[in-house]
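J.:
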Amino acid sequence: MAAKNIYSRNTLVDSAKAVEKWDVIVIGGGATGLGVALDSVTRGYKTLLLEQVDFAKGTSSRSTKLVHGGVRYLAQGNIDLVKEALYERGLLSKNAPHLVKNQSFVIPNYRWYEGMYYTIGLKAYDFLAGKLSLGKSKHINKEEALKRLKTIRQDKLKGGVVYQDGQFDDSRLAVNVAQTCVEHGASVLNHFKVNNLIIEDKVIKGVSAKDMETGEDHQFFGSTVINATGVFTDDILKMANPDARNMVKPSQGVHLVFDKSFLPGEDAIMIPKTDDGRVLFAVPWHDKVIVGTTDTPLEEHCLEPQALDKEVEFILKTFNNYLEKKVTRDDVRSIYAGLRPLAAPKDGSESSKEISRSHKVLVSETGLITITGGKWTTFRRMAQDTVDKAISLGKLPKKECKTMDLKIHGAKENPDLTNHLYIYGSDQPQLHNLINEDPSLGEKLHPRLDFLKAEVVWAARNELARTIDDVLARRVRMLFMDAKAAIECAPEVAKILAKETGKDEQWIANQIADFKEIADHYTI
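Going by full-length UniProt numbering, the residue at position 197 of the sequence shown is 197; the numbering climbs one at a time, nothing skipped.
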């Protein structure tokens, strides 16, 4: 008899329905919610996570792909945040070595004093990292800078400063964290939307949620309910109290993706001062280069935010200031926008780049716990603080946090980065097994990219992927690397998924139409 697949959605839904009362119910399946679920289940609490669309569907798949302390926060004097993030960066590179890699960054210097100024600042960054440092920063001369950054603008170039930081694949990490939760006994359900809170005698008792695949409504009861919904935080808070003050102000960050030819080496570029006082990164990622980001305050939030024209122009202009070979709109392979859930200022005065990026754990009068702020790098620490808060409120029996040394699903030291399947870590041999059983699965999904049909089958069977968007945006990162290629292979992906999940022709047609609508936002 074949072993039961623990990642089967039907199995997960059935097991969730069978539990009368959970210790912890987490709303939201981005970095923060998944972190909380992992912390909770590994401490031994019965844990349920509900995500309205897919893991990392929102902000958590749209980052600059950096695991970093935040050089910018150091400049702002936010030493504690930097120290915490550098410590967490070290833990993450130990616990998910197949996804987090050591990345060298060069700050090009065009004024005589910049070399000294940035070298001193980055020595402080190295010092704060302590034992978990990824390597020492150093000053390099003009020749070395040109050797490392072949496409950089040469006019007035004085040299550069090199420092080390972490680089990763955000939604792949989210998927692996979800798998780790399942392996420890949690029920994590994507495409499951919480549409109300169950409150009795002014105390939160659970949630009402809808299975977005079957349309079925469910009620789940729990000792602790945690709101980890990022930019959707206020939507949940208002379910408990329609008059609640807005806690979150969304700020949009846009990234443009180009072919590697615009930054052909191994090094990333950090541009420390843009016209609007932010930093801009150009980072090699899966044989492409990501350039971003912007910081545009918005009044409202949505699942598919769109880049504004002025943001695109700002990135093109700033990047071109540093390049000999100029980029144009035609060179953009993909464009993506994410919303940061910044703490809303009480008086509306602070500019978004000054709002603290540190996280906050809040408790409503009903006992609903909300975690806001933070960033991917510190997701583990945010989760620890959130579960500790629930314990301190007497909602959970005291148990120690277990995640500091917890290996994430797929963890594998020194992956072979020349094969794009390295992101699967210890699962990689099983993808080769799929291809051995059915050689057609070794075919590429699109001639321009390395992704294989086997990866779609694997995503459906073992990574909780249910839709074309789940696969092409967050399991294989095609939508983020080459949006047109993603649109072109959507029908093939739909066919494979339909076969895996037992869906019909009508489902395939609907899926292709839905995906095309989403993917259009990623093209200029």
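Built from N, CA and C at the ideal position, the CB exists for glycine as well.
Considering only residues of the same chain and omitting the five flanking positions on each side of Ala344, which have a CB-CB separation below 7 Å?
T.: Asn246, Met247, Val248, Lys249
J.: Hey, could you find the ends of the beta strand (DSSP E) Phe192 is sitting in?
T.: 192 to 200
J.: Counting only runs that start and end within the stretch 135 to 160, where is the beta strand (DSSP E) found for 3 or more residues in a row?
T.: 138 to 141
J.: Pick from Val471, Glu492, Lys412: whose alpha carbon is nearest that of Leu445?
T.: Glu492
J.: Ignore the nearest five residues each way along the sequence and tell me which others in Lys398's own chain have a CB closer than 7 Å to its CB.
T.: Excluding residues up to 5 positions away in sequence, Ile391 lie with their Cβ nearer than 7 Å to the Cβ of Lys398 in the same chain.
J.: Within the chosen definition, does the stretch 257 to 266 reach the stretch 286 to 296 through at least 3 CB pairs nearer than 8 Å?
T.: yes
J.: Using a Cβ distance threshold of 8 Å, determine whether the stretch 447 to 455 contacts the stretch 474 to 483, with at least three qualifying pairs required.
T.: As far as the Cβ criterion goes, the stretch 447 to 455 touches the stretch 474 to 483, which means the pair count is three or higher.
J.: Which one or two residues does DSSP pair with Arg340 in a beta bridge?
T.: Assignment of beta-bridge partners to Arg340 by DSSP yields Ser251.
J.: List, from N- to C-terminal side, the beta strand (DSSP E) runs of 3 residues or more that fit wholly inside the stretch 2 to 87.
T.: Correct list: 22 to 27, 47 to 50.
J.: Using a Cβ-Cβ cutoff of less than 8 Å, which residues in the same chain neighbour Ile496 once the five nearest sequence positions on both sides are dropped?
T.: Lys453, Val456, Val457, Ala460
J.: Could you pull out every residue in the same chain whose Cβ sits closer than 7 Å to the Cβ of Ala519, ignoring the five residues on either side in sequence?
T.: Leu479, Ala483, Ala486, Ile487
J.: Considering only C-alpha positions, which residue in the set Ile369, Ala244, Gly394 is nearest to Met382?
T.: Ile369
J.: Here's a check: name, in chain order, each residue in its chain whose Cβ is nearer than 7 Å to the Cβ of Lys150, leaving out the five neighbours to either side.
T.: Pro264, Gly265, listed in sequence order.
J.: Excluding five sequence neighbours on each side, which residues of the same chain lie with their C-beta closer than 8 Å to the C-beta of Lys131?
T.: Gly90
J.: What span of residues does the beta strand (DSSP E) with Ile271 cover, start to end?
T.: Run containing Ile271: 268 to 271, per the beta strand (DSSP E) assignment.
J.: Assuming contact is defined by CB atoms lying nearer than 8 Å, are Asp235 and Ser60 in contact in what I supplied?
T.: No, Cβ-Cβ distance for Asp235 and Ser60 is not below 8 Å.
J.: Where does Asn176 land, buried or exposed, given buried means 16+ other C-beta within 10 angstroms?
T.: buried
J.: Figure out for me which residue from Lys94, Pro272, Asn227 has the closest Cα to the Cα of residue 526.
T.: Limits of the chain in this structure are 1 at one end and 524 at the other, which puts residue 526 out of reach.
J.: Short check: CB of Gly253 to CB of Thr293, under 8 Å?
T.: yes
J.: In three-state DSSP terms, what is Ala509?
T.: helix
J.: Which full runs of the alpha helix (DSSP H) of 4+ residues lie inside the stretch 418 to 473, going along the chain?
T.: 428 to 437, 453 to 462
J.: Tell me the residue span of the beta strand (DSSP E) that contains Lys205.
T.: 203 to 211
J.: Tell me His218's beta-bridge partners as DSSP assigns them.
T.: Ala209
J.: Below 8 Å CB to CB, which residues in the same chain sit around Tyr125 once its five sequence neighbours on both sides are set aside?
T.: Excluding sequence neighbours, Tyr125 sits near Gly69, Val71, Leu74, Val82, Leu86, Ser137, Tyr163.
J.: Going straight from the alpha carbon of Lys375 to that of Glu84, what length do you get?
T.: So the alpha carbons of these two residues sit roughly 11 Å apart.
J.: Roughly how many whole angstroms lie between the Cα atoms of Thr386 and Ile371?
T.: 7 Å
J.: For Leu34, count neighbouring C-beta atoms within 10 Å of its own C-beta (all shown protein chains included) and say buried if the count is 16 or more, exposed if not.
T.: buried
J.: Short of 7 Å in beta carbon distance, which residues of its chain neighbour Lys142, apart from the five on each side in sequence? Order them along the chain.
T.: For Lys142, the CB contacts under 7 Å within the same chain, skipping 5 residues up- and downstream, are Leu157, Lys158, Gly159 in chain order.
J.: Among Gly442, Asn321, Asp309, Pro284, which one has its Cα closest to the Cα of Asp275?
T.: When C-alpha distances from Asp275 are compared across Gly442, Asn321, Asp309, Pro284, the shortest belongs to Asn321.
J.: Per DSSP, Tyr163 is paired with what?
T.: Phe105
J.: Would Val231 and Leu66 be called neighbours here (beta carbons separated by less than 8 Å)?
T.: no
J.: Indicate whether Val228 and Val19 have their beta-carbon atoms separated by less than 8 Å.
T.: The sequence as given places Ala at residue 228; Val does not occur at that position. No, Cβ-Cβ distance for Ala228 and Val19 is not below 8 Å.
J.: Between the beta-carbon of Arg474 and the beta-carbon of Ala56, is there less than 8 Å?
T.: yes
J.: Taking 7 Å as the limit between beta carbons, can you name the residues of its chain near Lys402, skipping five residues before and five after?
T.: Thr42, Arg43
J.: Among Asp267, Glu200, Leu122, Ser40, which residue has its Cα nearest to the Cα of Lys147?
T.: Asp267
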